[in-house]
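Structure, as structure tokens:
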Amino acid sequence: MSKMIVAIGSDHGGFELKEQIKAYLIEREIRFVDVGTYSTTSVDYPDYAHKLCEKIQSGECERGILCCGTGIGMSIAANKHKGIRAACCSDTYSARLTRMHNDANVLCMGGRVVGTGPALDMVELFLTTGYEGGRHARRVDMLNALD
Ligand code: RB5
């Protein structure tokens, strides 16, 4: 896990959660790139989803974590990018299963929806759970064909 570089990003609605996630990554010595935003000043979430997705598409980062107020706007924006499979999660089961079954490469969460504790548990599962492949590979291939 420590070799992985994670991209993190948020709008103003997810800024505080992003900062908590940043502290978590620092504590665990997980390398990351923070694409912003860097304050609670109002910004537009599609801009930050785009900055983060570019990091994944270029190969600079393996996975991404996006936070906005609900996580929904970020997930909609991220999923418009080729090669991005973004999952908006509010529970640990979904965060684990979206790695195992969907090979999700971006986790989206709502800073106004989830508490810090559950959010950090989701981050941990998202970063440590492997993709199962097998019967899921055909379906993920089908998702990729929709790009
Ligand atoms: C910003 O107020 C809010 O709309 C945004 O953070 C997000 O929740 C959108 O999906």
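Under our numbering, the residues of the sequence shown are numbered -7 to 139, in order. We put the CB at the ideal spot given by N, CA and C, even for glycine.
{"Item": "Output the residue ranges of the alpha helix (DSSP H) runs that lie fully inside the region 33 to 93 and measure 4 residues or longer, sorted by chain position.", "Value": "37 to 49, 64 to 70, 84 to 92"}
{"Item": "Decide if Met66 is buried, meaning its Cβ has at least 16 other Cβ atoms within 10 Å, or exposed.", "Value": "buried"}
{"Item": "Is any heavy atom in the ligand RB5 found nearer than 7 Å to the beta carbon of Asp83?", "Value": "no"}
{"Item": "Nearest CA to the CA of Val27: which residue from Arg20, Arg130, Val(-2)?", "Value": "Val(-2)"}
{"Item": "Do the CB positions of Asn97 and Ile22 come within less than 8 Å of each other?", "Value": "no"}
{"Item": "Closer than 8 Å, CB to CB, is Leu9 near chain B or not?", "Value": "Among the protein chains of the structure shown there is no chain B, as only one such chain exists."}
{"Item": "Roughly how many whole angstroms lie between the Cα atoms of Asp133 and Lys74?", "Value": "13 Å"}
{"Item": "Quick one: what does DSSP say Asp95 is sitting in, helix, strand or coil?", "Value": "coil"}
{"Item": "Considering Val(-2), what are the terminal residues of the beta strand (DSSP E) in which it resides?", "Value": "-3 to 2"}
{"Item": "The ligand RB5 and Tyr123: does the residue's C-beta get closer than 7 Å to at least one heavy atom of that ligand?", "Value": "no"}
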